[in-house]
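J.: Here you go, one structure.
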Amino acid sequence: MLTFTPFGVVAVLLYLIIAISIGIKRRTPATRQVLYFVFFVYLLVVAKITLFPIPLHHYGVNAPANNIIPFHTIRAVIAGKSLSYDLYNLGGNILLFVPFGFMLPLISSRQNRFLRVVLLGFCMTLVVESGKFIISSVLGFTYRDFDVDDLILNTFGAIVGFGILRFALRFWHSQHWKSPRMWLIGSPILVLIILGGVWGYEYESHSTPTKSQESYDSNVLPLETIPFSKGVVLITTTDPRVSKEPGYMAWYVEKTKLWGWRLKVKSYDLLNSRNGSMEASFASMTVNGKTFAWGAIKKPNVQEIVYRQNGKTYKSHTDQKEFWDISLPFNQTVFHHSDWTVKLKNGSIVPLFE
């Protein structure tokens, strides 16, 4: 999985080297250099939120679906009747581009026109959505969907940002605060406040594992939360509005220092995959050099699931909700049915798969 950190560090270093050298040659004021740098950092934040992390392989059977029908996603989100998810999905897309519409006229006076801001805001979000489509094409699966509604919401966010700037300009001029130096100093501070608001909302919406999972799909709630590796696994049902096959999903999330709990891997356990007299199902996912094997089993007389490999035995945790799980301290993608058994409460051992 490609994370944002290496890309962000390299981008900032290259920017500082180029910006400082050009700034010295052109004798650009330090306050304007700060304004340029804040705008560059903002663009990196947009890239971080919209494009990263990038998985190197497919982590689920139900890939996100692209949407080219205007207002389709917006109507679906509102119909979901989850206020927190509405605010995250719709409000987040709008808020993300407010700094763009606010800062663009400050960066270049030629862009201090409504139609220019709308056009460039649309082009900016089109680059982002096209980037997701191109990366998905290279990967061979849709890791993030191209959504025309994102174009609408992001562009509207740029319009809101431009409106805030025009209102602020009119207010400041009415108070006779026309000093260019004040604008050059105050604008980066105001933009940093806006970026801080974006970050604060993004962090709050991922402040717990449950909130993180809800930000991806608010139509299903966790049935089980299991500590694993450096994070936790949340088990939910599959979303009937997304998946045509009923079953369960395991969401592995890890806590990051800046962005809260973030999804790393998903795993699917479809009900039609159950087999044998035990009516058992099996799924797995690997992360951080470890493997999380899990599934569901209908029989109430099960004591534990047992996996044997190279003379070692690994036993499962089972609960009253029919789920079982085993944490393996190594990567394992191929399993043999003969290595799995079920220990019943009466002490007998039977195969997990038949």
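Just so we're on the same page, the numbering used here is the position in the sequence shown counted from 1, plus 208. Glycine is no exception: its CB is placed at the ideal position from the N, C-alpha and C atoms.
Per DSSP, which residues does I641 bridge with? Please list them.
T.: There is no way to answer for residue 641, as the model of the chain reaches only from 209 to 562.
J.: Can you pull the DSSP bridge partners for V495?
T.: By 1-based counting over the sequence shown, the position of residue 495 is 287. According to DSSP, V495 bridges with K498.
J.: Starting from E432, follow the beta strand (DSSP E) in both directions and report where the run begins and ends.
T.: In the sequence shown, counting from the first residue as 1, residue 432 sits at position 224. Residues 432-436.
J.: Is the stretch 505-514 touching the stretch 433-449, taking contact as three or more C-beta pairs under 8 Å?
T.: Segments in contact, no.
J.: In the structure shown, what three-state DSSP assignment does L221 receive?
T.: The residue labelled residue 221 in the question sits at position 13 within the sequence shown. Here L221 sits in helix by DSSP.
J.: Look up Q241 in the DSSP assignment and say whether it is helix, strand or coil.
T.: Locating residue 241 in the sequence shown gives position 33, counting from the first residue. Three-state result, Q241: helix.
J.: Kindly give me the distance between the Cβ atoms of K551 and Q511, rounded to whole angstroms, as I take these residues to be in contact under 8 Å.
T.: As a first step, residue 551 is located in the sequence shown; it is residue number 343 there, counting from the start. As a first step, residue 511 is located in the sequence shown; it is residue number 303 there, counting from the start. Right, their Cβ atoms sit about 5 Å apart.
J.: Just grab the DSSP bridge partners of Q517 for me.
T.: To locate residue 517, count along the sequence shown from 1; it is residue 309. Bridge partners of Q517: K520.
J.: Taking Cβ to Cβ, would you say A227 is nearer than 8 Å to F247?
T.: Along the sequence shown, read from residue 1 onward, the residue named residue 227 stands at position 19. Along the sequence shown, read from residue 1 onward, the residue named residue 247 stands at position 39. No.
J.: State the DSSP-derived secondary structure class of R352, mapped to helix, strand or coil.
T.: Residue 352 sits at position 144 when you count from the first residue of the sequence shown. R352: coil per DSSP, three-state reduction.
J.: Buried or exposed, going by whether 16 or more other CB atoms sit within 10 Å of the CB of W385?
T.: Position 177 of the sequence shown, counting from 1, holds the residue named residue 385. Residue confidence is low: W385 scores 49 on pLDDT, short of 50, so the model does not pin down where it sits. Its coordinate-derived value is still stated next. By the neighbour-count rule (16 or more Cβ atoms within 10 Å), W385 is not buried but exposed.
J.: Rounded to whole angstroms, how far is the Cβ of D358 from the Cβ of N427, which I believe are closer than 8 Å?
T.: Residue mapping note: residue 358 aligns to position 150 of the sequence shown, counting from 1. Residue mapping note: residue 427 aligns to position 219 of the sequence shown, counting from 1. Actually they do not touch by this definition, with Cβ atoms about 19 Å apart.
J.: Which same chain residues, not among the five before or five after G268, have their C-beta less than 7 Å away from its C-beta?
T.: Indexing the sequence shown from 1 puts residue 268 at position 60. For G268, the predicted structure reports a pLDDT of 49, less than 50, and the residue's modelled location is therefore unreliable. The matter cannot be settled from this model.
J.: Report whether the distance from the Cβ of F341 to the nearest heavy atom of the ligand SAH is below 7 Å.
T.: Among the ligands in the structure shown, none appear at all, so the ligand SAH cannot be discussed.
J.: Nearest-angstrom Cα distance between T494 and F538?
T.: Along the sequence shown, one-based indexing puts residue 494 at 286. Along the sequence shown, one-based indexing puts residue 538 at 330. The straight-line gap from Cα to Cα measures roughly 8 Å.
J.: Would a C-beta distance cut-off of 8 Å place L303 and G231 closer than the cut-off?
T.: On the sequence shown, position 95 is the one that residue 303 refers to. On the sequence shown, position 23 is the one that residue 231 refers to. No.
J.: Tell me, please, which residues DSSP counts as bridged to K474.
T.: If you number the sequence shown from 1, residue 474 lands on position 266. Answer is W459, bridged to K474.
J.: Suppose the cutoff is 6 Å on Cβ atoms and the five residues either side in sequence are ignored; what does the same chain contact list for H544 look like?
T.: For the purposes of this step, residue 544 is taken as the residue at position 336 of the sequence shown. So no residue of the chain qualifies.
J.: Give the secondary structure of E512 by DSSP, where H, G and I count as helix, E and B as strand, and everything else as coil.
T.: In the sequence shown, the residue the question calls residue 512 occupies position 304. DSSP places E512 in strand when its eight states are reduced to three.
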